[in-house]
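Let me begin by presenting the structure, written as structure tokens, before commenting on it.
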Amino acid sequence: MDMLSTSEQRTLEQRMQKRQVKEFMGVRDITAQDIELTPPKTVSMSKAKQKANCTSTHQQAFGGLVDHCFTSCVDDFTSKALSSRENGCINRCVLKWMATQQRVSDRFQEHNAQLSQQLQN
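The sequence shown begins at 47 in the working numbering and counts up by one.
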């Protein structure tokens, strides 16, 4: 790792962590070679794959939240416990992230409503 720049090392570490999480959670792409596909199995496999993809997406979002708030707020490693300043910072960071996600969700819903209305007209 001595040959990599700091950003390359960080990227490599993030990719390795994501891979470890996927392996730990047992999430992987399911292919036709994994099982014999008959019509009923195809539907259930499709649902299972959708569920795995949804879980993976949620894990990535949560991981991004944890990474962002931790790197932004925690800077004192002399104690196992969080300081009151760090604790407050993390609480504000999480609340801001949740409010942002809600706002983005609301905007997507508004946009989808406009699109469906345009398609009906």
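We put the CB at the ideal spot given by N, CA and C, even for glycine.
If you're wondering where the values come from, they're calculated on a predicted model, not measured in any experiment.
Considering only their Cβ atoms, is the gap separating residue j from residue i smaller than 8 angstroms?
i	j	result
Cys100	Cys119	no
Asp122	Ser129	yes
Quick check on DSSP: helix, strand or coil for residue i?
i	result
Leu50	coil
Thr103	helix
Lys126	coil
Asp113	helix
Asp121	coil
Asn158	helix
Asn181	Because the chain here runs from 47 to 167, residue 181 falls outside it and cannot be looked at.
What number of angstroms, rounded off, separates the C-alpha of residue i from the C-alpha of residue j?
i	j	result
Leu165	Gln55	48 angstroms
Leu50	Val150	36 angstroms
Arg65	Gln105	12 angstroms
Arg171	Asn167	There is no way to answer for residue 171, as the model of the chain reaches only from 47 to 167.
Gln147	Thr124	33 angstroms
Ser162	Asn133	43 angstroms
Gln63	Lys95	21 angstroms
Trp143	Arg61	23 angstroms
Taking 8 angstroms as the limit between beta carbons, can you name the residues of its chain near residue i, skipping five residues before and five after?
i	result
Val140	Leu111, Cys115
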